[in-house]
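Residue numbers (the numbering used here): 1 to 322. Virtual Cβ for every residue (Gly too), placed ideally from N, Cα, C. Notes follow the structure.
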Amino acid sequence: MTEPAAAPAISTAQPEDFFQLLKPRVMSLVIFTAVTGLVVADGEIGWLSAAIAVLCIAVGAGAAGALNMALEGETDALMRRTRGRPVAAGRVRKNDAMAFGAILSVFAVMLLGMSTNWLAGGLLALTILYYAVFYTLLLKRRTPQNIVIGGAAGAFPPVIGWAAATGEAPWQPWLLFLIVFLWTPPHSWALALYSAGDYARAGIPMMPVARGAKSTRLQILLYSLVFVPVAVAPGLAGLGGPVYLAVSVAGGVAFLALAVRLWRSRAGDQPDKAEAVGREAALYDVRVEAKPARNLFAFSILYLMALFAALLVESLTRTVSL
1 MTEPAAAPAI STAQPEDFFQ LLKPRVMSLV IFTAVTGLVV ADGEIGWLSA
51 AIAVLCIAVG AGAAGALNMA LEGETDALMR RTRGRPVAAG RVRKNDAMAF
101 GAILSVFAVM LLGMSTNWLA GGLLALTILY YAVFYTLLLK RRTPQNIVIG
151 GAAGAFPPVI GWAAATGEAP WQPWLLFLIV FLWTPPHSWA LALYSAGDYA
201 RAGIPMMPVA RGAKSTRLQI LLYSLVFVPV AVAPGLAGLG GPVYLAVSVA
251 GGVAFLALAV RLWRSRAGDQ PDKAEAVGRE AALYDVRVEA KPARNLFAFS
301 ILYLMALFAA LLVESLTRTV SL
């Protein structure tokens, strides 16, 4: 079992290590969904305030990521997928990462509240606390439903963006919240199916570890059957237009097809040693069976981005035509 690397007595962290603490790939998705919520809301917000709002939401998301890495450094060190992270690899000390995340959190929340409104600032504070404390400390190691309940943290950005633009949070941004919330389990469990060994070594009860691959594939399908109609709903409720409706329906059909294919596969199952002839055959079997999970995982990112891109493009088009 891999032990977490010991941080040096004198910090040798580089600026890029602190940038990696912000989880930039996750941050990019947060920024995109927040910008969509802000623009679609069509509120009376100036460009400078809008830019500050997006910056604060991005920094807040990064701060939550830094706190998460600080709290999970030892766990991350046990997983191949995460052992290169700054705290897990010993490049950044845990206390430094905690201080970094806490300072950024206060900065982002206070600046957002003062530059836009305190509803947006409060929602951002709730998101950071939800992810860093409720999900990381209370849920992740205690229940296989961790990613379902904890997924709310990643679903808040469009609501925060909408609130920043209007000072309100009506039903429309909560529909966007629901899309991201229901998207998270199929997306995350598809990844967990071909990373189950990592989670098992780290003692994290992700669904494939706690309930098995077969149950996980079924739950991915069930969540997908709920998620896709909700993803189409903005096109029927007037929040999205014909472009959104076309993208959501076409992409939803593809999403469901991939979910059905995954459900019918053996992704996440241990290879049958009686069928595998030698180590190379066993490894080949694992790669082949992991492909449906990898395909759904990759497409889920593309589909979510396409949904929000369609909303954004339609909203900007309407604004320009006015």
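Opening and closing residue of the alpha helix (DSSP H) in which Pro186 lies: The residue labelled residue 186 in the question sits at position 186 within the sequence shown. Segment 171 to 193, the alpha helix (DSSP H) holding Pro186.
Ala293 vs Gly268 beta-carbon contact at 8 Å: Position 293 of the sequence shown, counted from the start, is the residue given in the question as residue 293. Position 268 of the sequence shown, counted from the start, is the residue given in the question as residue 268. At the C-beta level, Ala293 and Gly268 come within 8 Å of one another.
Cβ-Cβ separation, Thr33 to Pro229 (assumed contact under 8 Å), whole Å: Here residue 229 refers to the residue found at position 229 of the sequence shown. Here residue 33 refers to the residue found at position 33 of the sequence shown. With 8 Å as the limit, Pro229 and Thr33 do not qualify as a contact, their Cβ atoms being about 20 Å apart.
Contact under 8 Å by Cβ, Glu307 with Ser248: Within the sequence shown, the letter at position 307 stands for residue 307. Within the sequence shown, the letter at position 248 stands for residue 248. For the record, residue 307 in the displayed sequence is Leu; it is not Glu. Yes. Within cutoff.
Buried versus exposed call for Pro242 [16 or more other C-beta atoms within 10 Å across all chains shown]: Against the sequence shown, residue 242 aligns to sequence position 242. It counts as exposed.
Between the CA atoms of Lys94 and Ala13 - distance to the nearest angstrom: For the purposes of this step, residue 13 is identified with residue 13 of the sequence shown, where counting begins at 1. For the purposes of this step, residue 94 is identified with residue 94 of the sequence shown, where counting begins at 1. If you take the alpha carbons of Ala13 and Lys94, they lie about 12 Å apart.
Cα-Cα separation, Leu139 to Arg318: The count along the sequence shown starts at 1 and reaches residue 139 at position 139. The count along the sequence shown starts at 1 and reaches residue 318 at position 318. Rounded to whole angstroms, Leu139 to Arg318 spans 42 Å at the Cα level.
Beta-carbon proximity list for Ala50, same chain, < 8 Å, skipping 5 on both sides: As a first step, residue 50 must be located in the sequence shown, where it is residue number 50. Leu38, Ala164, Ala165, listed in sequence order.
Residues near Val148 in its chain [Cβ-Cβ closer than 8 Å; skip 5 each side]: One-based indexing of the sequence shown puts residue 148 at position 148. Closer than 8 Å at Cβ, skipping near neighbours: Thr184, Pro185.
Three or more C-beta pairs below 8 Å linking the stretch 55 to 65 and the stretch 20 to 30: yes
From Gly150, Tyr223, Ser315, residue whose alpha carbon lies closest to that of Leu330: As shown, the chain starts at 1 and ends at 322. That puts residue 330 outside it, with no answer to give.
Spatial distance of Arg211 from Phe255 (CA atoms): One-based indexing of the sequence shown puts residue 211 at position 211. One-based indexing of the sequence shown puts residue 255 at position 255. Approximately 23 Å, taken between the alpha carbons.
Close Cβ partners of Trp162 (< 6 Å) along its chain, the five nearest in sequence each way excluded: Against the sequence shown, residue 162 aligns to sequence position 162. Once the five neighbours on either side are set aside, the close Cβ partners of Trp162 are Gly37, Ala41, Pro173.
Alpha carbon of Thr143 to alpha carbon of Leu262, nearest angstrom: Mapped onto the sequence shown, residue 143 falls at position 143. Mapped onto the sequence shown, residue 262 falls at position 262. If I take the Cα positions, the gap works out to 23 Å.
Close-in-space but distant-in-sequence residues of the same chain around Leu191 (CB under 6 Å, 5 per side omitted): Position 191 of the sequence shown, counting from 1, holds the residue named residue 191. Excluding sequence positions up to five before and after Leu191, its CB lies within less than 6 Å of the CB of Phe297, all in the same chain and listed in chain order.
Through-space distance from Gly122 to Ala153, alpha-carbon basis: For the purposes of this step, residue 153 is taken as the residue at position 153 of the sequence shown. For the purposes of this step, residue 122 is taken as the residue at position 122 of the sequence shown. Their Cα atoms are separated by approximately 13 Å.
Buried or exposed by the 16-neighbour rule on C-beta atoms within 10 Å, applied to Met114: As a first step, residue 114 is located in the sequence shown; it is residue number 114 there, counting from the start. Met114 should be labelled exposed.
Check: Val39 C-beta below 7 Å from any heavy atom of the ligand FMN: The model on display carries no ligand, and the ligand FMN is accordingly not part of it.
Option in Val87, Val35, Ile52 with minimal Cα separation from Gln367: This structure does not reach residue 367, given that the chain is present from 1 up to 322, and the question cannot be answered.
Rounded distance between the beta-carbons of Leu124 and Val109, thought under 8 Å: To locate residue 109, count along the sequence shown from 1; it is residue 109. To locate residue 124, count along the sequence shown from 1; it is residue 124. Contact holds; Cβ gap of about 5 Å.
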